[in-house]
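A.B. asks: Questions regarding the structure given below will be posed in turn.
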Amino acid sequence: MAFMRLGSKSEAFHREGQTWLCTTGLVSDVTIEVGDMKFHLHKFPLLSRSGLLERLIEESSTDDGSGCVLSLDEIPGGGKTFELVTKFCYGVKIELTAFNVVSLRCAAEYLEMTDKYGEGNLVGMTETFLNEVFGNWTDSIKALQTCEEVIDYAEDLHIISRCVDSLAVKACADPSLFNWPVGGGKNATSGQNTEDESHLWNGISASGKMLQHTGEDWWFDDASFLTLPLFKRLITATEARGMKLENIAMAVMYYTRKHVPVMNRQVNMDEQVIETPNPSEEDQKTCLEEIVGLLPSKKGVNPTKFLLRLLQTAMVLHASQSSRENLERRIGNQLDQAALVDLLIPNMGYSETLYDVECVLRMIEQFVSSTEQAGIVPSPCIIEEGHLGKDGADLLTPTTLVATLVDGYLAEVAPDVNLKLAKFEAIAAAIPDYARPLDDGVYHAIDVYLKAHPWITDSEREHICRLMNCQKLSLEASTHAAQNERLPLRVIVQVLFFEQLRLRTSVSGWFFVSENLDNPDNQHGGNGGLLKPRGENVRERVSELEKECMNMKQELHKLVRTKRSWKNFTRKLNFKKKSECCKPKDQATPAI
Numbered sequence: 005m006a007f008m009r010l011g012s013k014s015e016a017f018h019r020e021g022q023t024w025l026c027t028t029g030l031v032s033d034v035t036i037e038v039g040d041m042k043f044h045l046h047k048f049p050l051l052s053r054s055g056l057l058e059r060l061i062e063e064s065s066t067d068d069g070s071g072c073v074l075s076l077d078e079i080p081g082g083g084k085t086f087e088l089v090t091k092f093c094y095g096v097k098i099e100l101t102a103f104n105v106v107s108l109r110c111a112a113e114y115l116e117m118t119d120k121y122g123e124g125n126l127v128g129m130t131e132t133f134l135n136e137v138f139g140n141w142t143d144s145i146k147a148l149q150t151c152e153e154v155i156d157y158a159e160d161l162h163i164i165s166r167c168v169d170s171l172a173v174k175a176c177a178d179p180s181l182f183n184w185p186v187g188g189g190k191n192a193t194s195g196q197n198t199e200d201e202s203h204l205w206n207g208i209s210a211s212g213k214m215l216q217h218t219g220e221d222w223w224f225d226d227a228s229f230l231t232l233p234l235f236k237r238l239i240t241a242t243e244a245r246g247m248k249l250e251n252i253a254m255a256v257m258y259y260t261r262k263h264v265p266v267m268n269r270q271v272n273m274d275e276q277v278i279e280t281p282n283p284s285e286e287d288q289k290t291c292l293e294e295i296v297g298l299l300p301s302k303k304g305v306n307p308t309k310f311l312l313r314l315l316q317t318a319m320v321l322h323a324s325q326s327s328r329e330n331l332e333r334r335i336g337n338q339l340d341q342a343a344l345v346d347l348l349i350p351n352m353g354y355s356e357t358l359y360d361v362e363c364v365l366r367m368i369e370q371f372v373s374s375t376e377q378a379g380i381v382p383s384p385c386i387i388e389e390g391h392l393g394k395d396g397a398d399l400l401t402p403t404t405l406v407a408t409l410v411d412g413y414l415a416e417v418a419p420d421v422n423l424k425l426a427k428f429e430a431i432a433a434a435i436p437d438y439a440r441p442l443d444d445g446v447y448h449a450i451d452v453y454l455k456a457h458p459w460i461t462d463s464e465r466e467h468i469c470r471l472m473n474c475q476k477l478s479l480e481a482s483t484h485a486a487q488n489e490r491l492p493l494r495v496i497v498q499v500l501f502f503e504q505l506r507l508r509t510s511v512s513g514w515f516f517v518s519e520n521l522d523n524p525d526n527q528h529g530g531n532g533g534l535l536k537p538r539g540e541n542v543r544e545r546v547s548e549l550e551k552e553c554m555n556m557k558q559e560l561h562k563l564v565r566t567k568r569s570w571k572n573f574t575r576k577l578n579f580k581k582k583s584e585c586c587k588p589k590d591q592a593t594p595a596i
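Terminal number for the sequence shown in our numbering: 596, no gaps in between.
Below, the structure written as C-alpha cells:
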C-alpha cells in the first residue's frame, strides 16, 4: 500500500479525555472545537498554514490578548482529520495513506492550506499523493470507499470522478499486461490471504471467502465493497470505456448476490452462497430496484436464470411495479433461454394457485410479441414423426423451444386443483400453432389437467381439447389418446381418423416405392423384398384402426340409442305416475 511521510518532529500532543493538549510548554492562546473534541493550540503555527484560520483568528482576537475560541464543526473528516491537520501545522510526523488522504485533501481545501501560506502546504502534498494512489488499483478502491465520509467535498474536488476513471481504466485493461494487484476484495481491504479454497461461483469459495482472480472477473470482488452509488458510477464508467456487456452483467450479478442476501434463499440447497451480514429488507429492496436499472439492456447478455431469480426476489421484497415489469419484459424477450424449474415461481399474491401463472403468461406474451415484431415467424407446417431428430436440429427455433417449455410448464402446474380452466387455456393458447411441430406436449398437459380436475363438465372437456391438433400427434401419443377414457369421445374418433389417414398415406407411399422397385430398369430392385414385411405391418395396423374406428362408431351409436331409450322410459314412467294420481280412490287397484 502506498504511503507518504510528512513532518519530522516527534509527537507534541497528548489527549486527556476529549481534549488535546500541546506538550511544548507554551500556554495555549487559541482553542478550536470540532464536534465534542477540543484542541488547545497556538495561533502562529495555524495562521501561517491556513487562510481560513488566519481570518477567523483575526476576527475573534481581542485587544487584551486573551485566548480565542473557534468552532470548526463543518470541517471535512471531523476531529480525527483535524488532529492530523494540526500535527502537520506543527511539523509533527504524519503518514498519508489511501485511507486518510481523501479526507485530508478535503480538509486542506476547506482550511485554504495552499502554497500561498507556505511552500509544501497540505493541499499540494495531498494532491501529489492522490495521483500516486490513482495509479494503484487497491489503493484507488480504498480511497474511493473513504469518499463516502466527505462525499460533497470529494465531489466538488472531482476526487470521486478521477478515482472512478482510474479504476475503470484498470478494469477494462488486460491485467496480465500491467503490474497492479488483482487480488480479491478481502485481500484488498484487510491483507488477509486465502488459499486452498474451492472455486464455486465467480470466485466465491465454500467458506464464503473470495479467491484471487486472474481472468476478466478479477475486479468484481473489490468493486462489491463499494456503496451502491459509487458502484453504479464505476459500472457506468466501465461501460463508457467499452467493457464487454457480458462482463458488466457478471459484475452486477456478483454485487447483487452480495448485497441482496434474500436472493440467496432462492438458491437450491446443494448450492453454496455468499455469507454476508443481512441488511434490512428495505435496504435490499432499494438495492434491487437500482440493480434492475443497472443491468445491460441488450437481449441475451444477462443470464435468464439470474433474471428469473431476481424477479422472484423482487416479489418477496415487494419491489416496485416498474422493477417487476422491467424484469418480466427482459425475461420475456429471451424466454427461449429459460429452464422449466426456474419458471415455477411460487405465488406471492392473493391468488389461490400454487404458482404465479399470471406472471408466466405475461412473459410468454412478451416473447411472442417481440418475436413477431422482429419478423421471426416460421411458416406453419406439420412435422412428420421421426423428422425431428438429430438431423432436425435446425427446426428448434426459439419459438419452438418456448413452445416446448410452455407445454412442460403446463404439465407441472396442471395438477393444481385451484388452477382455473380459463387460465390453463390462456397459457396454452398464447403459443401460436406454428410453434409446435408436434402437439404431444400440450396433449400430455391436457391429460394431466383432466386427471387432476375430474369434475369439469363434458363441454369444458371438449373446449380444452381444442387446444391440441389431433393431426399433429405422434404415433405414440395417438395410441395413448385412442385409449384415454378422460378424453371426449369425439376427440378419440378424431385421433383414430387422423391416425388412419396417416397410415393410409404411408401405405400409398410404400406402394409407390414398391412399383419403382419392381421396375426392371431400377438397379436396386433387389431391395424390394425388404419392404414387403413393412408394408404388411402397415396394412395390419390400418386394418386394426379401421376396426377400432368402427367399434367406436358402434359404441357411439349405442350410447345415443341408450340415451333415447332412457328418455322414452322416463316419459312413460312419468305418464304412468300421473295417470295413477288422477284415478279416484275407489278405483284404485285392489291389493293382491
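The beta-carbon is built from N, C-alpha and C at its ideal position, and this holds for glycine as well.
The alpha helix (DSSP H) spanning F235 covers which residue range?
C.D. replies: What you label residue 235 is simply residue 231 of the sequence shown in a count that begins at 1. Where F235 is concerned, the enclosing alpha helix (DSSP H) stretches over L232 to A244.
A.B. asks: Where R333 and M367 are concerned, what is the direct C-alpha to C-alpha distance, given to the nearest angstrom?
C.D. replies: Taking the first residue of the sequence shown as position 1, residue 333 is located at position 329. Taking the first residue of the sequence shown as position 1, residue 367 is located at position 363. Roughly 7 Å between the two C-alpha positions.
A.B. asks: Measure how close the beta-carbons of A481 and D437 come, nearest whole angstrom, since I'm counting them as under 8 Å.
C.D. replies: Within the sequence shown, numbered from 1, the residue matching residue 481 stands at position 477. Within the sequence shown, numbered from 1, the residue matching residue 437 stands at position 433. With 8 Å as the limit, A481 and D437 do not qualify as a contact, their Cβ atoms being about 17 Å apart.
A.B. asks: Using the beta-carbon count (16 or more within 10 Å), is H263 buried or exposed?
C.D. replies: Position 259 of the sequence shown, counting from 1, holds the residue named residue 263. Buried, because 16 or more other Cβ atoms sit within 10 Å of the Cβ of H263.
A.B. asks: Going straight from the alpha carbon of E15 to that of C72, what length do you get?
C.D. replies: On the sequence shown, position 11 is the one that residue 15 refers to. On the sequence shown, position 68 is the one that residue 72 refers to. Cα to Cα, E15 sits roughly 24 Å from C72.
A.B. asks: What is the DSSP secondary structure of T593, reduced to helix, strand or coil?
C.D. replies: The sequence position of residue 593 within the sequence shown is 589, counting from 1. Unreliable placement is indicated for T593, whose pLDDT of 39 sits below 50; the coordinate value is still reported in the next sentence. It is coil, neither helix nor strand.
A.B. asks: Taking DSSP as the reference, what is the three-state secondary structure of L350?
C.D. replies: As a first step, residue 350 is located in the sequence shown; it is residue number 346 there, counting from the start. The sequence shown places Pro at residue 350, rather than the Leu named in the question. Here P350 sits in strand by DSSP.
A.B. asks: Can you tell which of L477, S478, K427 and I435 has the C-alpha that lies nearest to the C-alpha of E464?
C.D. replies: Position 460 of the sequence shown, counted from the start, is the residue given in the question as residue 464. That would be K427, whose Cα lies nearest to the Cα of E464.
A.B. asks: Pull up the distance between the alpha-carbon of T118 and that of A227, whole angstroms please.
C.D. replies: Within the sequence shown, the letter at position 114 stands for residue 118. Within the sequence shown, the letter at position 223 stands for residue 227. So the alpha carbons of these two residues sit roughly 33 Å apart.
A.B. asks: Kindly indicate which three-state DSSP category F43 falls into: helix, strand or coil?
C.D. replies: On the sequence shown, residue 43 is found 39 positions in, with the first residue counted as 1. Correct three-state label for F43: strand.
A.B. asks: Which residues bound the beta strand (DSSP E) around I98?
C.D. replies: Counted from its first residue, the sequence shown places residue 98 at position 94. Residues I98 to T101.
A.B. asks: Using a Cβ-Cβ cut-off of 6 Å (strictly less than) and excluding sequence neighbours within five positions of N422, which residues of its own chain qualify?
C.D. replies: As a position in the sequence shown, residue 422 is number 418, starting the count at 1. The residues are E356 and T357.
A.B. asks: Under the assumption that Q288 contacts V266 (Cβ atoms under 8 Å), give the Cβ distance between them as a whole number of angstroms.
C.D. replies: Against the sequence shown, residue 288 aligns to sequence position 284. Against the sequence shown, residue 266 aligns to sequence position 262. That belief holds up - the Cβ atoms of Q288 and V266 are roughly 6 Å apart, short of 8 Å.
A.B. asks: Does DSSP put V421 in a helix, a strand or coil?
C.D. replies: Along the sequence shown, read from residue 1 onward, the residue named residue 421 stands at position 417. Reduced to three states, the DSSP call for V421 is coil.
A.B. asks: Using a Cβ-Cβ cutoff of less than 8 Å, which residues in the same chain neighbour L454 once the five nearest sequence positions on both sides are dropped?
C.D. replies: Counting from one through the sequence shown, the residue named residue 454 turns up at place 450. Excluding sequence neighbours, L454 sits near I460, R465, I468, R490 and L491.
A.B. asks: Tell me whether M367 sits in a helix, a strand or coil according to DSSP, three-state version.
C.D. replies: The sequence position of residue 367 within the sequence shown is 363, counting from 1. M367: helix per DSSP, three-state reduction.
A.B. asks: E62 lies in the alpha helix (DSSP H); which residues open and close that run?
C.D. replies: Here residue 62 refers to the residue found at position 58 when the sequence shown is read from its first residue. Run containing E62: G55 to S64, per the alpha helix (DSSP H) assignment.
A.B. asks: Inspect the beta-carbon positions of R245 and V173 and report whether they are closer than 8 Å.
C.D. replies: Counted from its first residue, the sequence shown places residue 245 at position 241. Counted from its first residue, the sequence shown places residue 173 at position 169. Taking 8 Å as the Cβ cut-off, R245 and V173 qualify as a contacting pair.
A.B. asks: Of the residues D143, K42 and H18, which one's Cα is nearest the Cα of M8?
C.D. replies: Translated into the one-based positions of the sequence shown, residue 8 becomes position 4. It is D143.
A.B. asks: Looking only at its own chain, which residues have a Cβ that is under 7 Å from the Cβ of A103, when we skip the five neighbours before and after it?
C.D. replies: Mapped onto the sequence shown, residue 103 falls at position 99. Correcting the residue identity first, residue 103 is Phe in this sequence and not Ala. Closer than 7 Å at Cβ, skipping near neighbours: K146 and T150.
A.B. asks: Can you name, in chain order, every residue of its own chain whose Cβ lies under 6 Å from the Cβ of L249, other than the five neighbours on each side?
C.D. replies: Residue mapping note: residue 249 aligns to position 245 of the sequence shown, counting from 1. These residues qualify, in order along the chain: P300, K302 and V305.
A.B. asks: Could you tell me the alpha carbon to alpha carbon distance between S107 and N330, rounded to whole angstroms?
C.D. replies: Counting from 1 along the sequence shown, the entry for residue 107 is found at position 103. Counting from 1 along the sequence shown, the entry for residue 330 is found at position 326. If I take the Cα positions, the gap works out to 39 Å.
A.B. asks: Do F43 and T90 have their C-beta atoms closer together than 8 Å?
C.D. replies: Here the question's residue 43 lines up with position 39 in the sequence shown. Here the question's residue 90 lines up with position 86 in the sequence shown. Contact flag set, yes.
A.B. asks: With H, G and I counted as helix, E and B as strand and the rest as coil, what does DSSP make of S327?
C.D. replies: The sequence position of residue 327 within the sequence shown is 323, counting from 1. Three-state result, S327: helix.
A.B. asks: Determine the direct distance from the alpha carbon of R109 to that of H18, and round the result to whole angstroms.
C.D. replies: Taking the first residue of the sequence shown as position 1, residue 18 is located at position 14. Taking the first residue of the sequence shown as position 1, residue 109 is located at position 105. Distance from the CA of H18 to the CA of R109, rounded to the nearest whole angstrom, comes to 24 Å.
A.B. asks: Considering only C-alpha positions, which residue in the set P350, Q338, N351 and L321 is nearest to V372?
C.D. replies: Here residue 372 refers to the residue found at position 368 of the sequence shown. Selected option, being the one with the closest Cα: Q338.
A.B. asks: Is it right to say A415 is buried, meaning 16 or more other beta carbons lie within 10 angstroms of its own, or is it exposed?
C.D. replies: In the sequence shown, counting from the first residue as 1, residue 415 sits at position 411. If you draw a 10 Å sphere on the C-beta of A415, you find 16 or more other C-beta atoms in it, and that means buried.
A.B. asks: I need the DSSP call for I155, collapsed to helix, strand or coil.
C.D. replies: By 1-based counting over the sequence shown, the position of residue 155 is 151. I155 falls in the helix class under three-state DSSP.
A.B. asks: In angstroms with no decimal places, state the Cα-to-Cα distance between E369 and L234.
C.D. replies: Position 365 of the sequence shown holds residue 369. Position 230 of the sequence shown holds residue 234. Roughly 37 Å separates the two Cα atoms.
A.B. asks: Please give me, in chain order, every unbroken run of the beta strand (DSSP E) with length at least 3 that falls completely inside the stretch 8-35.
C.D. replies: 17-20 and 23-26
A.B. asks: Which residues share a DSSP beta bridge with Y359?
C.D. replies: Numbered from its first residue, the sequence shown carries residue 359 at position 355. P350, per the DSSP bridge assignment.
A.B. asks: Using three-state DSSP, classify V264 as helix, strand or coil.
C.D. replies: Locating residue 264 in the sequence shown gives position 260, counting from the first residue. The answer is coil: DSSP assigns V264 none of H, G, I, E or B.
A.B. asks: Pick from S478, E285 and P419: whose alpha carbon is nearest that of L442?
C.D. replies: Residue 442 sits at position 438 when you count from the first residue of the sequence shown. Measuring from the Cα of L442, the nearest candidate turns out to be S478.
A.B. asks: Could you have a look at E123 and say whether DSSP puts it in helix, strand or coil?
C.D. replies: Stepping through the sequence shown from its first residue, residue 123 is reached at position 119. If DSSP states are grouped into helix, strand and coil, E123 belongs with coil.
A.B. asks: For I239, I'd like the list of residues in its chain whose CB is within less than 7 Å of its CB, leaving aside the five on either flank, ordered along the chain.
C.D. replies: Looking up residue 239 in the sequence shown gives position 235. Contacts found: I252, A255, V256 and L298.
A.B. asks: Please state if the CB of G81 and the CB of M41 are separated by a distance shorter than 8 Å.
C.D. replies: Taking the first residue of the sequence shown as position 1, residue 41 is located at position 37. Taking the first residue of the sequence shown as position 1, residue 81 is located at position 77. In this structure, G81 does not lie closer than 8 Å to M41 by Cβ.
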